[in-house]
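Everything on this sheet refers to the single structure shown next.
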Amino acid sequence: MTSPLQPPRRTALRTGLTLGASMVWPHWLAAQPARTAERPDPALFQTGDLVWPKPPGAFVPYAGSPTRQLLVTEPEVREEEWNTQRVQFIRDARQQAQGLSGEERDYLLRLANTAETLSYSRFFHQYAGDVSPDDFQTYGVGELAYVGHVGLIEVDPTDQQPYVVEAVYGRNLACTSCVQRVPYADWLQARGNVLVWLGRLRQLDAAQRTAVVNVAKQQLNKPYNFFNFDLSDDRGFYCSKLVWYAVKQATGIALDGNPQARRLVWFSPLQAMKASSQVMLISSPGNYRNL
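Under the numbering used here, the first residue of the sequence shown is numbered 674, with each subsequent residue one higher.
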């Protein structure tokens with residue numbers, strides 16, 4: 674599943690993984706309430722909107738969820754696969770660092786050291802739940818934990834039909850472990866019985882939101898890479914990295930308020946949803962963590 678590292682241009686480390694969706698409807702989001710619906714009316718869609726699918730009954734991990742509950746929904750990443758990719762990432766990072774010096778070398782070694790101490794349970798809580806000491810403590814009563822996924826909507830100007838642009842893992846409608854663009858109707862059918870949250874980028878006009886999608890479309894067919902912590906590296910993407918990258922390249926805005934692209938942890942779908950200064954909720958099935 675892994676592929677060889679390319680020579681560093683910023684640092685990208687190749688390994689696959691899957692991510693699905695997440696959304697939340699608590700106090701940090703916009704003042705105007707979102708429509709309540711299991712799925713948004715496609716008539717609401719505008720180019721540049723964000724969609725988060727989630728299987729009903731799955732939960733987003735919260736601080737203190739026991740490891741035994743971290744059973745993931747298909748086709749999300751499973752612990753054995755995740756650990757295989759983590760070990761490969763550590764090996765590749767350290768090998769690549771040997772040929773570097775200065776900040777590049779230090780960054781790679783910090784990534785390798787961070788990954789070496791990261792457990793699957795901790796990853797799940799950090800990435801899927803975006804937890805902090807003050808975050809939700811009482812949700813998560815289901816038996817299925819959901820990592821999260823986010824994609825971008827494009828309303829095609831030729832036929833006014835909505836499409837989803839996303840980075841996805843495994844065999845999908847347009848390609849395998851790649852960035853794809855697929856009709857929204859086909860996207861829904863392929864995902865089956867899912868809830869869908871709809872958000873919109875604030876303070877951007879239609880031209881700016883179109884520019885965001887155009888940047889994302891420039892990445893079509895590029896590989897899906899999860900262990901890739903440099904959000905500015907355009908050689909591979911996971912779902913929420915694609916969204917962060919497209920917004921940043923098109924507008925100069927960092928969705929999470931942190932313009933530093935080189936990270937030691939992932940930028941998650943839930944972080945994108947919690948970016949209340951940049952994203953407003955348009956349609957919501959309810960509280961993301963509990964449904």
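The beta carbon of each residue, even a glycine, is placed where N, CA and C say it ideally should be.
By the Cβ-count criterion, Asn898 is buried, with 16 or more other Cβ atoms from all chains shown falling within 10 Å of its own Cβ. Residue pairing for Trp939: DSSP places it in no beta bridge.
Proximity of the region 896–915 to the region 854–866 falls short of the contact definition, fewer than three beta-carbon pairs being nearer than 8 Å. In this structure Gly821 is not in contact with Pro932, their Cβ atoms being roughly 23 Å apart against a cut-off of 8 Å.
Pro958 and Thr720 have their C-alpha atoms spaced approximately 21 Å apart. Within the same chain, Cβ atoms closer than 8 Å to the Cβ of Arg936 are found at Phe902, Asp903 and Leu904, the five residues on either side in sequence being excluded. When Leu861, Arg764 and Glu776 are compared, the shortest CA-CA separation from Asn786 is found for Arg764.
In the three-state reduction of the DSSP assignment, Thr849 falls in the strand class.
Rounded to whole angstroms, Gly865 and Leu773 show a C-alpha spacing of 46 Å. As a beta-bridge residue in DSSP terms, Phe910 pairs with Tyr897. Between Asn756 and Tyr780, the beta carbon gap of about 23 Å keeps them out of contact (Cβ cut-off 8 Å). Between Val916 and Leu723 the beta-carbon gap is near 7 Å, inside 8 Å, which marks them as a contact.
For Val869, there is no enclosing alpha helix (DSSP H); the enclosing beta strand (DSSP E) covers residues Leu868 to Leu874. In terms of Cα proximity to Ala889, the closest of Arg873, Leu877 and Cys912 is Cys912. Inclusion of Pro713 and Ile955 in the CB contact set at 8 Å is warranted, their separation being smaller than that value. Setting aside the 5 residues that flank it on each side, Leu846 is surrounded in the same chain by Gln853, Val855, Asp859, Trp860 and Ala863, each with a C-beta closer than 8 Å to its C-beta; the list follows chain order. Secondary structure at Pro728: coil, using DSSP grouped into helix, strand and coil.
Cys848 places its beta carbon 8 Å or farther from that of Asn887. In terms of Cα proximity to Lys947, the closest of Val938, Arg778 and Leu928 is Leu928. For Ala923, the CB contacts under 6 Å within the same chain, skipping 5 residues up- and downstream, are Ala884, Val885 and Val888 in chain order.
Under the three-state reduction of DSSP output, Leu773 falls in the coil class, being neither helix nor strand.
Using a Cβ distance threshold of 8 Å, Gln892 and Asp906 do not count as a contacting pair.
Separation of Glu789 and Val760 (C-alpha to C-alpha, rounded to the nearest whole angstrom) is 8 Å. If you draw a straight line from the Cα of Leu784 to the Cα of Ala766, it is about 8 Å long.
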